[in-house]
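Protein chains in written order, with the numbering used here: chain A, 1 to 208; chain B, 1 to 208.
Below is one structure, written out as structure tokens; the observations come after it.
Number of protein chains: 2
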Amino acid sequence: MENSTSTTEERILEAAKKVFHCKGFDGARMQEIADEAGVNKSLVHYYYRNKDNIFQAVFEDAFSKLITKLNEIFYSDLDFKSKITIFVSYYVSFLSENSYIPLFILNGLYEKPDMIKAMLKKKNFAPEKLMEQIRKQVKEELHLEIDPFHLYINILALSIFPVIAKPLIQTIFGYSNDQLKQFNEERKTVVPDFILNALKGYENEHRN
Amino acid sequence: MENSTSTTEERILEAAKKVFHCKGFDGARMQEIADEAGVNKSLVHYYYRNKDNIFQAVFEDAFSKLITKLNEIFYSDLDFKSKITIFVSYYVSFLSENSYIPLFILNGLYEKPDMIKAMLKKKNFAPEKLMEQIRKQVKEELHLEIDPFHLYINILALSIFPVIAKPLIQTIFGYSNDQLKQFNEERKTVVPDFILNALKGYENEHRN
DNA sequence: GTCTATATCGGGATAGAC
DNA sequence: GTCTATCCCGATATAGAC
């Protein structure tokens with residue numbers, strides 16, 4: 001089964017990602033992970049001992065992929081408008097290609113809250129700094145006193161929700177795969193415009 | 001077990017809602033549904049024959065609860081701004097009280113796409129009318145040519161996402177239940193303001 | 001309609017040979 | 001490290017008594 005350069009452990013992890021992302025913890029089968037990796041079921045246990053462990057590895061991978069890029073963009077020294085534009089564009093692209101990840105993460109938080117909390121602590125993820133950073137930058141550049149929490153959640157909502165709701169959108173609007181792709185492309189400009197227009201609105205409000 | 005006025009079948013359905021909403025299809029156990037309803041496991045099979053059937057009943061209930069109110073508000077003869085305000089306020093309240101429903105529905109669309117599609121067809125849910133209606137109303141009242149699909153998705157995203165992401169918000173921001181409640185209360189004004197400000201922004205754009 | 005008992009199967013996990 | 005065989009529990013579903 002040495003059909004690629006990757007090690008067996010890596011191939012199992014890749015297989016586990018595929019299966020867990022689509023099926024979630026409860027829906028996933030160790031057998032399916034083994035099949036997907038082209039190995040025996042026992043080997044999965046050999047490398048990861050049990051289902052919880054391999055799930056955790058998959059979750060950690062997905063979560064840090066999202067967070068790393070998010071921090072990278074928001075802590076960069078770009079101006080705020082560029083941050084929004086780049087963030088949305090990057091996230092829509094990344095999530096479209098990995099459309100199972102966001103729902104997988106949200107489900108994980110419900111299914112395995114303790115496991116996840118422990119992981120977050122370990123990763124030392126601190127949003128307070130990020131909030132303060134957003135608040136300050138919006139004040140300095142746009143001369144607005146806004147609540148960074150709500151703005152942050154709004155940005156995430158507009159970028160992430162349409163990807164999560166992919167099957168809903170396809171079913172309800174009757175979109176083909178191509179039409180959905182186009183829809184996502186459009187969002188790369190629609191969403192930043194929407195957010196920046198909203199902020200401009202507050203600006204005008206303040207001037208009245 | 002005649003401890004309430006409801007019939008056994010109703011009690012089972014209520015129990016099934018609780019369990020399916022929290023655990024999803026794969027995570028739910030027929031035994032747990034029976035326990036929650038205070039009846040024997042076999043009775044659940046007696047009334048619903050199998051797990052798929054009872055899941056479908058639960059899904060249909062959740063979905064039509066959401067859609068009915070949505071249609072009611074958007075097809076009413078309120079002006080558009082009021083629609084937004086009322087919609088967001090109602091949805092944030094409803095979803096906060098039933099915070100498992102949106103994720104449950106989204107998961108259902110991935111887990112049981114065929115079952116769900118058949119149901120949607122049966123319910124005869126037609127969004128084209130709604131889109132045309134939004135487009136027309138925004139044009140007449142706000143004098144804006146906008147894409148109703150994107151606006152519609154934006155409204156849903158801003159209303160629904162924070163509820164889905166509840167455990168994420170609580171874990172990351174370290175919110176207590178009371179703080180989260182307050183956060184949701186705030187969104188009832190923050191979100192309509194955000195949307196209406198964004199539209200105002202387009203308005204200004206057009207005038208330049 | 002409601003219960004007990006049981007059939008049947010699938011899935012996580014382990015033992016042990018190679 | 002990798003495989004086969006197997007254990008054992010838990011979960012859906014059914015049969016049948018009351």
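Ideal Cβ placement from N, Cα and C applies to all residues, glycine included.
Secondary structure note for residue 135 (chain A): its alpha helix (DSSP H) is the uninterrupted segment 127-142. Taking a Cβ-Cβ threshold of 8 Å, the residues of chain A close to residue 186 (chain B) are 147 and 150, in chain order.
For residue 197 (chain A), a Cβ of chain B is located within less than 7 Å of the residue's own Cβ. The residues 148, in chain order, have a CB closer than 6 Å to that of residue 134 (chain B) in the same chain once the five nearest residues on each side in sequence are set aside. Its Cα nearest to that of residue 22 (chain B), the residue A:113 stands out among A:164, A:7, A:38 and A:113. Counting only residues of its own chain and dropping the five nearest sequence neighbours on each side, residue 130 (chain A) has a CB closer than 7 Å to the CB of 74. Not a single CB atom of chain B sits nearer than 7 Å to the CB of residue 129 (chain A). Residue range 8-27 is occupied by the alpha helix (DSSP H) that includes residue 11 (chain A).
For residue 108 (chain B), the enclosing alpha helix (DSSP H) starts and ends at 101-111. Around residue 100 (chain B), the same chain offers 21 and 22 as residues with beta carbons nearer than 6 Å, after the five sequence neighbours per side are excluded. With a beta-carbon spacing of about 6 Å, residue 154 (chain B) and residue 194 (chain A) fall inside the 8 Å limit used to define contacts.
Rounded to the nearest angstrom, the Cβ distance from residue 60 (chain A) to residue 119 (chain A) is 6 Å, consistent with a contact under 8 Å. Annotated as distal: residue 161 (chain B) and residue 94 (chain A), with beta-carbon spacing of 7 Å or more.
Taking one beta carbon from each stretch, the region 48-59 of chain A and the region 7-20 of chain A have 3 or more pairs nearer than 8 Å; the two touch. Taking 7 Å as the cut-off, the Cβ atoms of residue 37 (chain B) and residue 11 (chain B) count as close.
A straight-line Cα-Cα distance of about 13 Å links residue 54 (chain A) and residue 42 (chain A). For a cut-off of 8 Å, the C-beta gap from residue 70 (chain A) to residue 157 (chain B) is around 17 Å, too long to register as a contact. Within chain A, the residues whose beta carbon sits less than 9 Å from that of residue 27 (chain B) are 24, 25, 26, 27 and 111, listed in sequence order. Interface annotation, residue 117 (chain A): in contact with chain B, CB-CB separation under 7 Å. Taken through DSSP and simplified to helix, strand or coil, residue 78 (chain A) comes out as coil. The beta carbons of residue 92 (chain A) and residue 29 (chain A) sit no closer together than 7 Å. Our two residues, residue 25 (chain A) and residue 108 (chain A), have alpha carbons roughly 8 Å apart in a direct line. Per DSSP, reduced to three states, the secondary structure at residue 44 (chain B) is helical.
Any Cβ of chain B closer than 7 Å to the Cβ of residue 73 (chain A) would place that residue at the interface, and such an atom is absent. Spanning the alpha carbons of residue 122 (chain B) and residue 128 (chain B) requires a straight line of approximately 17 Å. Rounded to whole angstroms, the gap between the alpha carbons of residue 76 (chain A) and residue 44 (chain A) is 40 Å.
For residue 84 (chain B) against residue 196 (chain B), the beta-carbon gap comes to about 6 Å, under 8 Å, which counts as contact.
Contact annotation: in the region 148-181 of chain A, residues whose CB is within less than 8 Å of a CB in chain B are 149, 150, 153, 154, 156, 157, 158, 160, 161, 162, 164, 165, 167, 168, 169, 171, 172 and 173.
Distance check between residue 140 (chain B) and each of B:47, B:39, B:166 and B:203 places B:203 closest, using alpha-carbon atoms only. For residue 36 (chain A), the enclosing alpha helix (DSSP H) covers residues 30-37. With a 10 Å radius around the Cβ and a threshold of 16 neighbouring Cβ atoms, residue 200 (chain B) comes out buried. Close CB contacts of residue 32 (chain B) within its chain, under the 7 Å cut and outside five residues either way in sequence, are with 19 (chain order). Across the structure, residue 165 (chain A) and residue 169 (chain B) are spaced so that their CA atoms are roughly 19 Å apart. Contacts between residue 202 (chain B) and chain A, judged by CB atoms closer than 7 Å, involve 197 in chain order.
Nearest neighbour of residue 80 (chain A) by Cα position, chosen from A:190, A:181 and A:142, turns out to be A:142.
Burial check for residue 110 (chain B): the Cβ neighbour count within 10 Å reaches 16 or more, so the residue is buried.
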